[in-house]
Each structure stands twice: as structure tokens, then as C-alpha cells.
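Read the structure below first, then the notes.
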Amino acid sequence: MADNKQALIDAMNQAGITDPEERAGIAAIAGGESGFQPGSEVSYAHTDNVRIHRIFSKTRDLSDDDLDALKADPVAFFNFVYGGRFGNVPGTDDGFKYRGRGPFQLTFKDNYKRIGDAIGQDLVGNPDLANDPVIGAQTAVAYILDRYDGSGWEAMKACVGFNTADIAARKDTTCAIRFFVGVTPS
Numbered sequence: 679m680a681d682n683k684q685a686l687i688d689a690m691n692q693a694g695i696t697d698p699e700e701r702a703g704i705a706a707i708a709g710g711e712s713g714f715q716p717g718s719e720v721s722y723a724h725t726d727n728v729r730i731h732r733i734f735s736k737t738r739d740l741s742d743d744d745l746d747a748l749k750a751d752p753v754a755f756f757n758f759v760y761g762g763r764f765g766n767v768p769g770t771d772d773g774f775k776y777r778g779r780g781p782f783q784l785t786f787k788d789n790y791k792r793i794g795d796a797i798g799q800d801l802v803g804n805p806d807l808a809n810d811p812v813i814g815a816q817t818a819v820a821y822i823l824d825r826y827d828g829s830g831w832e833a834m835k836a837c838v839g840f841n842t843a844d845i846a847a848r849k850d851t852t853c854a855i856r857f858f859v860g861v862t863p864s
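Just so we're aligned: the sequence shown equals residues 679 to 864 in our numbering.
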């Protein structure tokens, strides 16, 4: 994990992010989204249906039986919840192929393209590059630079996907923030 944290620090330094509150926010989001362990979304097979309905609006009209069947197959599940949106082509495995990866859980083909172009990596052709500690850290920083408007912690947190109460709480925790800069974002 220390290498992942150092990769994030290095990526922020390379991008010229020196503001302690912004650095703290990026660190807190990476800690909340992935625990600083870049990885791919793998399965919701053992996730409670109430939680899935809360996270993925496309599932809200499914019965529990239908959702149980869907979540048993990760490819079908991710194609259903992410397919046909933000560059993912309907009727393909793009939903699965461009599911969440890396320290910020980068999702959707359009994001893989835009962020990959920003860091000089072919993330569309090789989405698993987002799980490399160095490249993943670069994706996190590039994502913030692309989306964040500079208006404070809540805006930074909001620009990185949907936040359930537990994910928001993990991001709000000060342990990741203190590790990096010793300040709490405002």
C-alpha cells in the first residue's frame, strides 16, 4: 500500500497540485474509493439487493428474483448497469469492459478515453492499466483536474461518482487526509 500512496503523491507532484487541501481531498477520495488498492469491480453477487438498488438506479425496477439472477453473472450485471451510457455501446460487453478500476474506480468508456488521452495511455485498449499503481494514480489526478471546479471538498467528492453514506464517510475520514498532509479539507 505504501507504493500506491507514494504513486499518488508523485502523480500530484507531477501535475503541479501543491494545495494541501486539494492533495488531502484526492488522498481521501482514493482511500474511500479503493483503500489505496487499485483494482477492478468484480462482483455484486453477495451484495444486498437494497444496496444495489440504492447504488444503481437501473436496477430499481427489477424484482429481487430478477436482480438475484442478474447479479449472479458479473458480465451481465455490469453490462446492464453500465451499458449504453457514456460511450459504452449498447449490446456489447462495454459495461463489463469499462467497469470501475483504479484508485478512483474509473468507469465508462468515455472516461477511459478522455483520462487515457490526458495521461498518454491507451486505457480504452487496455483498461486494466488503470490498476497499475503509477498509471492508476495518474488517472485519479487527471480525473480531478478534468472534473473538479475548485469549489471545496464537497464539490471534489461529488465529482467522483455516486456516494452512498458509507462511501462518503470513508472519504470524509481524516485518517487518509492526515497521512498525506495533516489538514482536513474545508
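Ideal Cβ placement from N, Cα and C applies to all residues, glycine included.
Keep in mind that this is a model prediction, so the values were computed, not measured.
State the Cα-Cα distance for the pair residue i and residue j, rounded to the nearest angstrom.
i: R701; j: I822; result: 10 Å
i: R793; j: R729; result: Arg is not the amino acid found at residue 793; the sequence shown has Ile there. Looking at the two C-alpha atoms, the distance is approximately 29 Å.
i: L686; j: Q715; result: 11 Å
i: D751; j: Y790; result: 23 Å
i: R732; j: D726; result: 10 Å
i: G839; j: V812; result: 21 Å
i: Q692; j: I797; result: 11 Å
i: D800; j: K787; result: 11 Å
Using DSSP's beta-bridge definition, name the partner residues of residue i.
i: R779; result: L784
Classify residue i as buried or exposed, calling it buried when 16 or more other Cβ atoms lie within 10 Å of its own Cβ.
i: V819; result: buried
i: N757; result: buried
i: T785; result: buried
i: T737; result: buried
i: A689; result: buried
i: Q684; result: exposed
i: G773; result: buried
Please report the Cβ distance between residue i and residue j, rounded to the nearest whole angstrom; I am assuming they are in contact, meaning their Cβ atoms lie under 8 Å.
i: Q783; j: E711; result: 5 Å
i: L748; j: A754; result: 6 Å
Notebook entry, point to check: Would you say the stretch 760–776 touches the stretch 697–710, given that touching needs at least three Cβ pairs under 8 Å?
Noted result: no
For the pair the stretch 773–782 and the stretch 803–822, tell me if three or more CB-CB distances fall below 8 Å. Contact holds between the stretch 773–782 and the stretch 803–822, because three or more Cβ pairs, one in each stretch, are under 8 Å apart.
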